[in-house]
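Position one of the sequence shown corresponds to residue 3 (our numbering), numbered consecutively onward.
Ideal placement from N, C-alpha and C gives every residue a C-beta, glycine not left out.
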Amino acid sequence: MTATAHPTPASRRQPLQQRWPDELVSRYRAAGHWRGETFPAFLRERAARFADDVAVVAGDTRYTYAELGREAQRIGAGLLARGLVPGDRVIVQLGNEAAFIPVVCGLFYAGLIPVYALPAHRLTEIRHFALKAEASAYITADRRGGFDYRTLARALVEEVPAVEHVVIAGESSATEAEEFTALDALDGDPAALPADPDPQSVAFLQISGGSTGLSKLIPRTHDDYIYSFRASNEICGITRQSVYMTVLPAAHNFPMSSPGWLGALYAGARVVLCPAAEPATAFALIERESVTCLGLVPPLALLWVEAARNTPHDLSSLEVMQVGGAKLVPEAAKRLMHGFPGKLQQVFGMAEGLVNYTRLDDPDEMVINTQGRPISPNDDVRVVDDDGRQVPDGTAGHLQVSSPYTIRQYHNDAAANAKNFSADGYYTTGDIVVRTPEGNLIVQGRANDHINRAGEKISAEEIEDHLLSHPAVFDAAVVSIPDDYLGERSCAFILVQQGGGEGKKPRAMALKKWVREQGLADFKVPDQIVFAESFETTAVGKVSRRELRARLRQRLLDDMQQKADEENA
Ligand code: AMP
Ligand code: DBH
Numbered sequence: 003m004t005a006t007a008h009p010t011p012a013s014r015r016q017p018l019q020q021r022w023p024d025e026l027v028s029r030y031r032a033a034g035h036w037r038g039e040t041f042p043a044f045l046r047e048r049a050a051r052f053a054d055d056v057a058v059v060a061g062d063t064r065y066t067y068a069e070l071g072r073e074a075q076r077i078g079a080g081l082l083a084r085g086l087v088p089g090d091r092v093i094v095q096l097g098n099e100a101a102f103i104p105v106v107c108g109l110f111y112a113g114l115i116p117v118y119a120l121p122a123h124r125l126t127e128i129r130h131f132a133l134k135a136e137a138s139a140y141i142t143a144d145r146r147g148g149f150d151y152r153t154l155a156r157a158l159v160e161e162v163p164a165v166e167h168v169v170i171a172g173e174s175s176a177t178e179a180e181e182f183t184a185l186d187a188l189d190g191d192p193a194a195l196p197a198d199p200d201p202q203s204v205a206f207l208q209i210s211g212g213s214t215g216l217s218k219l220i221p222r223t224h225d226d227y228i229y230s231f232r233a234s235n236e237i238c239g240i241t242r243q244s245v246y247m248t249v250l251p252a253a254h255n256f257p258m259s260s261p262g263w264l265g266a267l268y269a270g271a272r273v274v275l276c277p278a279a280e281p282a283t284a285f286a287l288i289e290r291e292s293v294t295c296l297g298l299v300p301p302l303a304l305l306w307v308e309a310a311r312n313t314p315h316d317l318s319s320l321e322v323m324q325v326g327g328a329k330l331v332p333e334a335a336k337r338l339m340h341g342f343p344g345k346l347q348q349v350f351g352m353a354e355g356l357v358n359y360t361r362l363d364d365p366d367e368m369v370i371n372t373q374g375r376p377i378s379p380n381d382d383v384r385v386v387d388d389d390g391r392q393v394p395d396g397t398a399g400h401l402q403v404s405s406p407y408t409i410r411q412y413h414n415d416a417a418a419n420a421k422n423f424s425a426d427g428y429y430t431t432g433d434i435v436v437r438t439p440e441g442n443l444i445v446q447g448r449a450n451d452h453i454n455r456a457g458e459k460i461s462a463e464e465i466e467d468h469l470l471s472h473p474a475v476f477d478a479a480v481v482s483i484p485d486d487y488l489g490e491r492s493c494a495f496i497l498v499q500q501g502g503g504e505g506k507k508p509r510a511m512a513l514k515k516w517v518r519e520q521g522l523a524d525f526k527v528p529d530q531i532v533f534a535e536s537f538e539t540t541a542v543g544k545v546s547r548r549e550l551r552a553r554l555r556q557r558l559l560d561d562m563q564q565k566a567d568e569e570n571a
């Protein structure tokens with residue numbers, strides 16, 4: 003392939019790496035956490051060992067382990083036959099559909115590096131992933147949920163020519179098949195698949211919710227990630243007899259690895275992909291497939307528990323109901339604990355690594371009041387004050403962690419690396435937590451300005467930048483506001499331009515439309531817009547964005563409280 007045909011030759015790309023200090027590598031190996039397993043090796047082994055067992059159920063499609071292996075190898079070998087080479091990065095943007103798992107497994111077999119996008123992402127995000135990861139290919143759907151991903155694909159290849167291959171899953175007409183490659187048309191010789199990779203090499207790039215600016219890319223290795231779901235299986239009781247249902251988007255780290263569909267495949271269990279999160283669809287599937295374990299974000303769990311009261315469906319197969327991604331308050335936890343069959347499990351995790359679980363045999367009080375404790379005896383968790391000094395148990399502080407499955411660096415992002423890792427390599431999660439004497443963590447809030455909207459993380463800074471690009475906006479501050487249903491919603495405070503030709507005050511709807519038109523995931527559009535007269539930055543000296551956001555937020559909360567008091571008076 004010539005340099006012009008491939009604008010970023012493999013040799014000139016940012017290398018993929020994730021390295022732990024030698025001393026830790028020895029420790030993790032000696033402890034049996036890192037066993038030298040790789041994705042292609044374990045997938046091949048399961049395809050042979052559990053050949054006739056059902057591995058994946060998605061809509062009307064069922065793959066046995068042997069069929070999944072064949073389908074994944076066809077896709078992997080087919081991509082190599084089209085000119086991709088091991089090490090190339092491939093953006094995958096698919097929902098909970100039949101193609102998802104074979105595509106991801108196919109990339110593993112081919113030594114290609116998946117970059118996981120969510121179905122909600124739009125051009126702004128996908129372009130960012132393509133540039134940051136230096137991706138060569140994009141695998142997506144035709145039309146899903148009223149959105150045509152082929153229009154996104156066209157815009158992407160136009161703007162990022164290095165993305166030379168677009169593969170479309172789903173029904174493609176003949177003309178489209180010429181423009182893009184149809185997933186079904188991929189074909190190649192499985193004998194051409196490469197030898198297994200180094201277990202310490204990077205297997206894929208996960209994405210972070212993004213606390214500042216756009217999402218960061220998270221390189222995870224074979225050894226570290228496989229350890230995280232193998233150990234999760236034990237904690238969550240996943241065995242060959244389990245049926246794990248993926249309700250949240252399968253590309254999200256929680257349903258992928260905690261223990262997720264990967265944990266389920268590792269155990270030889272059955273994975274059910276739930277195409278929609280509403281109770282009617284999900285409950286019917288739970289009954290039909292006798293689902294034993296699934297994970298939800300708190301607002302969804304609360305919606306389900308209401309619906310479960312008088313559902314005609316039999317949910318009694320449920321053994322473990324996991325809730326995580328955002329804070330579950332004790333009152334809500336109590337409701338869930340008594341509203342579903344099986345055990346409630348709180349899960350506090352992050353795509354960067356560390357995952358905490360309440361254990362299935364923990365006392366109710368602990369399951370209700372804490373977000374669990376780390377997976378591993380080698381999870382070195384510390385809670386520190388603003389100056390980095392450790393605080394005693396029971397005192398709130400910043401959560402930091404060094405662990406056999408927590409990254410030591412983001413991909414291709416020196417600024418984020420400088421900001422999010424301590425001098426001795428600990429990842430600073432951005433969460434404010436209290437540790438109990440038993441070692442459980444209680445999430446109190448967070449140190450950085452992101453909005454956790456029903457588990458979807460939104461960077462205040464990213465949305466402010468988009469609002470500021472509107473000609474009538476002088477300044478913008480985006481904050482989180484408590485919301486009964488979502489946990490948190492986003493609110494944008496706007497200062498409009500005074501005078502001038504373009505100073506006409508825009509309407510809230512127009513600003514929301516503006517943000518949407520920047521080609522962003524819908525969940526990032528501000529839920530609420532408040533026009534402010536001033537930002538009252540009157541205090542001496544410069545007010546930080548953080549402080550400004552905190553003040554505006556407090557002002558709005560005070561107003562809301564006052565209104566509520568007046569109504570009650
Ligand atoms: P990300 O880095 O995008 O994977 O998001 C991980 C973040 O989600 C964590 O650092 C927490 O802020 C938040 N989070 C995940 N699970 C929980 C939970 N159970 N309770 C509170 N916050 C959570
Ligand atoms: O929110 C998350 O990112 C998350 C929550 C629970 C996660 O990545 C996980 C479990 O693995």
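Any non-hydrogen atom of the ligand AMP within 7 Å of residue i CB
i	result
A398	no
L109	no
Helix, strand or coil at residue i according to DSSP, with G and I counted as helix
i	result
T372	coil
H340	helix
P221	strand
F44	helix
K565	helix
N570	helix
S492	strand
Y487	coil
A60	strand
K329	coil
S318	coil
F350	strand
C276	coil
A269	helix
N358	strand
R76	helix
D477	strand
I531	strand
R547	helix
K345	strand
Residues of its chain near residue i, where Cβ-Cβ distance is below 7 Å and the 5 sequence neighbours each way are ignored
i	result
Y67	R48, A49, F52, A53, D55 and A57
R15	E136
H35	Y229, S378, N380 and P406
D567	none
G341	V307 and A310
Cβ-heavy atom distance, residue i to the ligand DBH, below 7 Å
i	result
V322	no
G457	yes
N255	yes
V307	no
V403	no
S259	yes
V385	no
V357	yes
Cutoff 8 Å: residue i Cβ touching any chain B Cβ
i	result
Y140	Checking the listed chains, one finds no chain B in this structure; it contains a single protein chain.
Close Cβ partners of residue i (< 6 Å) along its chain, the five nearest in sequence each way excluded
i	result
A418	K218 and Y412
G399	V385, V386, D387 and V393
V357	S260, G351 and I377
D90	L114 and S138
N414	Q16 and K134
Cutoff 8 Å; reference residue i; Cβ partners in own chain excluding five residues on either side
i	result
L362	I237, C238, G239, V322, K345 and Q347
L81	V92, G108, L109, A112, L114, A139, H167, V169, L188 and G190
P23	G427
Exercise. Quick one: complete beta strand (DSSP E) runs, 3+ long, within the region 444-471?
Worked result: 452-455 and 458-461
Problem set entry | Runs of beta strand (DSSP E) lying entirely within the region 104-182, each at least 3 residues, in chain order | 115-118, 139-143 and 167-171
Exercise. Mind pulling the alpha helix (DSSP H) runs of 4 or more residues that sit fully within the region 377-451?
Worked result: 416-422
Exercise. Listed in chain order, which residues are found with a beta carbon closer than 5 Å to a heavy atom of the ligand AMP?
Worked result: S210, G211, G326, G327, K329, F350, M352, A353, Q373, T431, D433, V445 and K459
Problem set entry | Runs of beta strand (DSSP E) lying entirely within the region 289-316, each at least 3 residues, in chain order | 295-298
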